[in-house]
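Chains as they are written, first to last, in the working numbering: chain A, 1 to 988; chain V, 989 to 1433.
Quick notes on the structure that follows.
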Amino acid sequence: MKKVYPLRVLILFFLMVPFALYGQTSVTGTVTDAGSGSTLPGVSVVVLGTTTGATTDAAGRYSIQLPGSTGRLQFSYLGYVTQVVDVTSATTNIDVKLQERTTNLQEVVVTGLATTVKRSNAANAVAALNTKELVGTTNPQTLDAAISGKVVGANVVSSSGAPGGGISVKLRGVTSIFGEAEPLYVIDGVIMDNSSISGGLNAVTAAGGGGNSSTQDNPSNRIADLNPDDIENIEFLKGASAAAIYGSLAAAGVVVITTKRGAMGKTEINLSQDIGFTKVSNLLGQRTLTEDRVRASFGDAAVPLFLNAQNQGQLFDYEEELFGNTGMLYNTRLNVSGGNDRTRFYVGGLVQDEEGIIKRTGYEKKSLRFNLDHTISKMFDFSLSSNYINSSTDRGLTNNDNAGVSFGVALSSTPSFVNLFPDENGLYPNNPFASSNFLQTRDLIRNNESTNRFIGGITINGHLYETSLSSTRLTLRSGLDFYNLKTNALFPRLLQFQANGNGTGGASIQGNNFNLNTNFAAFLVNSLYLADKTVTFTTTLGATRENFNQDQTLNVATQLIGSQTNLDQAGAVDVDQTIIKERNKGLFFQEELNYKDQILATAGLRLDKSSNNADANEFQAFPKFSLAVNLANFDFWTNETFNMVKLRVAYGQAGGFPVFGAKYTSLVPFNIGGAPGLINAIQRGNEDIKQERQKELEAGLDLSILNGKVVFEGTVYDKTVSDLILVQSVPASSGFTTRFVNGGELQNRGLELAVSATPLESPNFKWDTRTNYWLNRSEMKELDVPAFPLGGFGNTLGTFFIEEGESVTQIKGISGDAGVVKLGDAAPDFQMNFHNFFTFKQNLTFSFLLHWKKGGENINLTQLLTDLGGTSPDYDDDDDGDGIPNAEERVAALGVSAAPFVQEASYLRLREVGLYYNLPVTTLQRVFGTVVRNLRVGVSANNLFTITDYEGYDPEVSNFGSNGLSTGVDVTPFPPSRRMFFHFAIGF
Amino acid sequence: MKKYISIHNYIKGTLAFALLAFALPACEVDDIPDPNNPTIESVLLNATVDDLNNLVVGTESGMRSVLGTYYDNVGVVGREHYRFSGSEPRFTSDLLGAGSAVLDNNTFYTTNPWSARYRVVKNTNTIIGAVENTTLITDAQKQGYLGFAKTIKAHQLLMNSTLMNTSGIRIEVDDINNLGPLVEDVPAQLAAIAGLLNEAQAHLQSPEVAFAFSLSEGFTGFDTPETFLEFNRALAARVAVYRGNYAEALTLLEGSFLELTTNFDKGVYYVFSTAPGDQLNPLYFARNATGDVRLAHPSFVADATPGDDRLSKVALRDAPATQSSLTSQYDVALYESNVDPVPLIRNEELILIYAEAKIQTGAFGDAKDALDIIRTGHGLQPYTGPLNQEAMLDEMLYQRRYSLYFEGHRWVDMRRYDRLDELPIDRANDDVWTSFPLPFNEIGV
């Protein structure tokens, strides 16, 4: 008998056919929300393994004909946990209560490249955000804004308020100082490039000394291209213990993004239109001028100008003029999804058009997504994800510069009594108090980034072998991410700083960047069920391959001909080209054991090689282990209150590559008079450079109380990066100034607490709340190179300082006779958020997100510039009552102490707030019949208020963009804005 | 049953592995050579003339890097000019020693000029190393490359020596893993530089010597081994007066391009252009600019002799510029455009070196003749003061101040004559520095 087991299946199969023909069962029922008890219209009901499906009507009722006398019905609904119910021949009525996904315990989280596990069984604290949390409250401009302040264990800092984003994401602290410290983004299995590519503004601003581009050019990150509304779910694998299976690419964590997909059932159409406006959320204010003050700050010659302007009532608030634009925001989204049991699709379209708080800045995006799932046969299925994005952002000219041309730098020394407005001929007067007339700059320059991007991925699953005891699946996956980013910065020769022999006679700076990432992977997954299915072994074998290619060309045309902007309409053209090529290959193995949902253990190993390593063909091994014990699932557990008590521990290793080119000692072009020349690069190559290796151990306790009404997750972690890649500042007398070395050990330890609860739930009122608390402490355990400053403007103004035994984000600076001392730390003491959703009478929802960052210092040089320019609003105040005005006191500290510039940047921010009304189903039916499925109107706002003692525009700022660890340096940034929306959404 | 399953699994597994192997045809990763630049190793063995010429051009090009900061350093500390910047307060605080501000050993004005000069030194060492390791060039060409490389190396070290003074420089930096000692003694620094110039002289005077390379327009007239040697000897004469070796200076001037005429501008220049990969003159700012400006120190105009045509080196502004309690009505106006050449060493300095050496060796008559060339060449009457060392040194330093204005000399001259205390102080508590601090990264190496 044993030997003919497959035969039995075959016979059974044939026997079932007549059954199916003869024994059809009809089932009806109502689907309701398990919490509130309200009915759910539009729920997809499908007989598993067949083409039969139905959808619940407006009253939540469904009716379905089973092909056989028995079967399994699957009930799925967006935002709810899918449920499968067995139907026996006797059943005719099945009422189903669907659980809303607030407690997240039933959702699956990724544990490998091809496998998932129920959250209640996971051994890692994986932070996840679903659609509702991402975009449910208000409408973020880019993905950056959608995750700000929401992720436990992450420090997310916006670089500026410029349209199009720009963000730094650090998961569980800074994990690399010079390597990749930003997480890897994986969208539906495709590795998505997140470069920030400079538009070459440095050629005009000279912010970073020489060269055409610098880290201070305020570019956006390319992750901003993604449409947040397409996202079903984001998971954050915050450290090596969860991300080890991504190997060398995972040291800074992995952000796994899953986009929305179609569900079986009726085709749904969702159309939503948002209209809103944006205003600057904070202005510094103006100094009140008097004759004496003008004389002291701007010289005798300025006094008559001031008096004249005062008499004529012509004192201008230029800050308001520059940053006070009310920008209109328009967003239109159309989603269509549906399918049958064989084929399911999701189409998502977005048209976004937003203006900024500075005139002539803004953000436009068009995105089209097509996701398809198809079951080819019992054995094979495939899914396709594809996304085309066209975006364009005008970002103005902000941040540091050394030529006095950026808006803020020029504004900082411009008093209110000068008239900078154009005359009747449209000609702008020169600004006698700065290198540039910022109104002219604003009106005539262009600083645009435009992207055309395609991201596509395909996954093919082959169910090679299925029995009740074992199943084997082969998954093949490939993906590509291609974009062309054009940067276009134009500085016409009419500008004050380009005319009359200033500057370079105009500049047209155009970058053309191509990026192509491709990745391939193959996995073999076997599940083996033993001992009456009480023990499951899941074995994964796999191989991956990643190719990264980037080709950046930057053309700087100067000495422009008239008002022409083409690169050839110029007297001089300078070109830079940078090519980045990386090839990685990996193999991995993972074994997962589930014993009765009581004990869950995992062991895995990834082997990687990369062209970025000095030895491209040496395998690097990254092991991982984890164990979770669900106490409440053991037989001895009788406590009813605690229905889940899970102890978990996980360990893993991951790598971080040296930056591209770290191993080369190059000669770089250095020409004179048209003759080609070469000089050694300032970076000395290191032929022995190898990967950073991160080892992370995390442990936690998860509790679910009262059947998921309250869920608590607590995690502690210790992650240590050894072979830390450092740019050693070599003695410059060697001819080089820097060298990449492996030379340190960096430890991050932290605590993450999350409580989600549904404190109140009745048909008329429901309150879901989630509170997170997290903190991280870092320490340089070892530093094999001398302590060095980084990412500031030197000891005089305060700088980050990497030093053994100290926090990696400490800020040091001169302090009188004490010399160079620690003045602060950019890392927050802790962060907390408080996310709430209220539903009244099932139709009215109100939600808000509060985010509190406690502690952490910024280096505020904006204030120094306004002090020096004589324009600080509190210039003449005397806060400490010593008779010396504030600004004079601060300026006097220049060169003596950097302490005044290192300022605490704590804040409490209402990041998001939204109020929506869903028209009751009965009203909808009365008015529209069955055509309209839902109709929603609402209002929402972003960054409505921020409480902070910080004296800059905003405590969230980064002059150096998302590079490395040096966020929090404040040099006349693009001010932050507040966004307010009116929403209208209709579903068919 | 169990056995069956395991065998079955085995077959399936093998099949799947075969598929995996198919999906990943090779497991080797190609080592990617630098896709952006040649590597330094590529020229160290059997360099061709082309390879070496690229390094020569790169060396000359590199000499101009960060010149703007160097001139701001020596000019502001030497009270020749003010440098105002909307975004950089340290030009008026640190460089002038405002209040209790001091020079920072780890910021742009200290580290950037230092690094830029040693980068060129490294490139000259690369040339020297490559020349010794190739069979693809002739011996005459070899001598030419060595003469060029060592002369430029000496000049670059001299630039850092003038900035750092007693803070020290390194002479031996060829072995980047074992850098030579820090030489804090200024005479020892200058002796080593003079030694290098003499080595270069020997190469340039070899029986068989040829330049297989071309130099930029800045070396027009000094681009053969013979004429390049005149440039080398001119630098040696400058070093000699810095060392107080006045008799030697006079000998060295004989081999230089000294002309006791008003052909003041004859010499070697840093040149600039808008050609691709080239640099612009960092010392040029448009007149009447606001925000980022270089202004003449008020004492330059106040102390000038009426009728001195060298006053044209500054220009009266439409409106005075004020920052941090400093005001000036005059722009520094040496350059008319951002592609104007900047002198590296020129005849006017050689005449003044000649005058100085003559004064110091007691030949006051010759000295007066030389000074009068300067004076009359600039619209002034001949020197009528006493013919003694003290008075004539004053006169020589005064003429140097005006003739070599904004060419990086005033501070160095006042320092070597121990007269820094004579430089004007604008604000109470301002300081006049004698040296820049040794860059942070050089400490303890």
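Where a beta carbon is used, it is the ideal one built from N, C-alpha and C, also for glycine.
- Secondary structure note for residue 379 (chain A): it is in no beta strand (DSSP E), with a DSSP letter that is neither H nor E.
- Beta-bridge partners assigned by DSSP to residue 801 (chain A): A:789.
- For residue 354 (chain A), the number of other beta carbons within 10 angstroms of its own is at least 16, and it is reported as buried.
- Taken in chain order, the members of the segment 1038-1053 of chain V whose beta-carbon sits within less than 8 Å of a beta-carbon on chain A are 1042, 1043, 1044, 1045, 1046, 1047, 1048, 1049, 1050, 1052 and 1053.
- Residues are counted here when their Cβ sits less than 7 Å from a Cβ of chain A; for the segment 1117-1148 of chain V the count is zero.
- Counting along the chain, no alpha helix (DSSP H) covers residue 283 (chain A), and no H or E run does either.
- A buried status is given to residue 1145 (chain V), since no fewer than 16 other beta-carbon atoms sit within 10 Å of its beta-carbon.
- For residue 1058 (chain V), the closest alpha carbon among the candidates V:1110, V:1143 and V:1148 is that of V:1148.
- Boundaries of the alpha helix (DSSP H) around residue 1362 (chain V): 1352-1365.
- Listed by position along chain V, the residues whose Cβ is nearer than 7 Å to that of residue 896 (chain A) are 1087, 1088 and 1089.
- Under the Cβ criterion of 8 Å, residue 1375 (chain V) is not counted among the residues facing chain A.
- Within the segment 176-250 of chain A, the complete beta strand (DSSP E) segments of 3 residues or longer fall at 184-187, 190-192 and 231-237, listed in chain order.
- Contact of residue 731 (chain A) with chain V by beta-carbon distance below 7 Å involves 1167, 1429, 1430 and 1433.
- Taking a 10 Å sphere around the C-beta of residue 442 (chain A), we find 16 or more other C-beta atoms and assign the residue as buried.
- For residue 409 (chain A), the residues of chain V that pass the 9 Å Cβ criterion are 1074, 1075 and 1279, in the order they occur in the chain.
- When DSSP assignments are scanned along the segment 580-668 of chain A, the uninterrupted stretches of beta strand (DSSP E) that are 3 or more residues long and fall wholly within it turn out to be 599-610, 620-630 and 642-656.
- Taking C-beta separations shorter than 6 Å and ignoring five residues to either side along the sequence, the partners of residue 201 (chain A) in its chain run 217 and 489, following chain order.
- For residue 854 (chain A), the uninterrupted beta strand (DSSP E) run begins and ends at 844-854, by DSSP.
- Counting only runs of 4+ residues, no alpha helix (DSSP H) is found wholly inside the segment 329-404 of chain A.
- Secondary structure at residue 531 (chain A): coil, using DSSP grouped into helix, strand and coil.
- Residue 302 (chain A): not part of any beta strand (DSSP E); member of the alpha helix (DSSP H) spanning 302-311, first to last residue.
- For residue 1065 (chain V), there is no enclosing beta strand (DSSP E); the residue is part of the alpha helix (DSSP H) that begins and ends at 1055-1065.
- Burial is judged here by how many other beta carbons sit within 10 angstroms of a residue's own beta carbon; residue 1235 (chain V) has fewer than 16 and is exposed.
- No Cβ of chain V is located within less than 8 Å of the beta carbon of residue 191 (chain A).
- Under the three-state reduction of DSSP output, residue 1110 (chain V) falls in the helix class.
- For the pair residue 1345 (chain V) and residue 1359 (chain V), the CB atoms are not nearer than the 8 Å cut-off.
- Look at residue 1265 (chain V): its C-beta is under 8 Å from a C-beta on chain A.
- Contact between the segment 1110-1119 of chain V and the segment 1035-1044 of chain V is present, with at least three C-beta pairs closer than 8 Å.
- Contact annotation: residue 1091 (chain V) and residue 1421 (chain V) have beta-carbon atoms nearer than 8 Å.
- Boundaries of the alpha helix (DSSP H) harbouring residue 1213 (chain V): 1213-1231, taken from the DSSP string.
- Excluding residues up to 5 positions away in sequence, 1315, 1316 and 1317 lie with their Cβ nearer than 7 Å to the Cβ of residue 1308 (chain V) in the same chain.
- For the segment 605-617 of chain A, the set of residues with a beta-carbon nearer than 7 Å to any beta-carbon of chain V comprises 609, 610, 611, 616 and 617, in chain order.
- Taking a beta-carbon distance threshold of 8 Å, residue 1186 (chain V) does not count as an interface residue toward chain A.
- Just so you know, the alpha carbons of residue 1054 (chain V) and residue 1099 (chain V) end up roughly 10 Å apart.
- Taking all protein chains in view, the Cβ of residue 302 (chain A) is crowded by 16 or more other Cβ atoms within 10 Å, so the residue is classified as buried.
- DSSP, reduced to helix, strand and coil, places residue 438 (chain A) within a helical segment of the structure shown.
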